[in-house]
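Numbering (mature numbering (1 follows the signal peptide of the UniProt record, and there is no 0)), first residue to last: -21 to -1, 1 to 162. Here a beta-carbon is modelled for each residue, glycine too, at the ideal position from N, C-alpha and C. Note that the coordinates shown come from a computational prediction; the quantities given were computed from them, not determined experimentally. Everything on this sheet refers to the single structure shown next.
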């Protein structure tokens, strides 16, 4: 009498033998394929002037990110503007946001900043280096609503801005922001 477990194991071993042999067998006479190493890609190194322009562009993007956040959260501190703006731009955005809060307007959504150009623009009145950044700011995905939920924003939603960025206290901040028209 044959035990069913013993017979099952024997049949399984017979069935797996060719599979195991195929896995461990040496390759036939075909040459082994060589694998070329994947080339590593390095980020382009920016010159100091190019890095300054990239940082100036980022300063404008950061400004709009903070403005959106403060518009969307009326409880957030307006002092957060101090990290991204100074001078005329700081006063302008602080005044706008304070007005929204006094009128109990709350925002939602995020602006899209389409950077168009950046260039060094000399020095400010204190001798600090400045950069001028031109961008199209698209606010079509944002809303400003009153306490009843009514949207109080109206077209157009895309404005071209020229921002002057300056380095103050070791950080780049938007010092001036001028609306040039629609884009």
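Nearest to residue 43 by C-alpha distance, out of 130, 104 and 88, is 88. Of the other Cβ atoms in all chains shown, fewer than 16 fall within 10 Å of the Cβ of residue 130; this residue is therefore exposed. Secondary structure note for residue 77: its alpha helix (DSSP H) is the uninterrupted segment 66 to 81. Every beta strand (DSSP E) of 3 residues or more that sits fully in the region 103 to 151 is shown, in chain order, as 108 to 117, 122 to 124 and 137 to 147. The alpha-carbon separation between residue 103 and residue 159 amounts to approximately 21 Å.
Residue state for residue 154 is assigned as strand, using DSSP reduced to three classes. DSSP, reduced to helix, strand and coil, places residue 85 within a strand of the structure shown. Here the alpha carbons of residue 31 and residue 135 stand approximately 32 Å from one another. Annotated as distal: residue 63 and residue 114, with beta-carbon spacing of 8 Å or more. Here residue 93 is exposed: its Cβ has fewer than 16 other Cβ atoms, across all protein chains shown, within 10 Å.
Measuring C-alpha to C-alpha distances from residue 73 to each of 28, 118 and 46 identifies 46 as the nearest. In the DSSP assignment, residue 99 forms a beta bridge with 110. The alpha carbon of residue 142 has as its nearest neighbour, out of 149, 121, 126 and 95, the alpha carbon of 95. If you look at residue 57, you'll find it isn't in any alpha helix (DSSP H); DSSP assigns it neither H nor E.
Between residue 154 and residue 145 a beta carbon distance of about 4 Å is seen, short of the 8 Å cut, so the two are scored as contacting. Its chain contains 126 as the residues whose beta carbon lies nearer than 6 Å to that of residue 83, once the 5 sequence neighbours on both sides are disregarded; these appear in chain order.
In the three-state reduction of the DSSP assignment, residue 92 falls in the strand class. Distances from the alpha-carbon of residue 139 to those of 112, 98 and 150 put 112 closest. Within the same chain, and ignoring the five residues on either side of residue 118 in sequence, the residues whose Cβ sits closer than 7 Å to its Cβ are 90 and 136.
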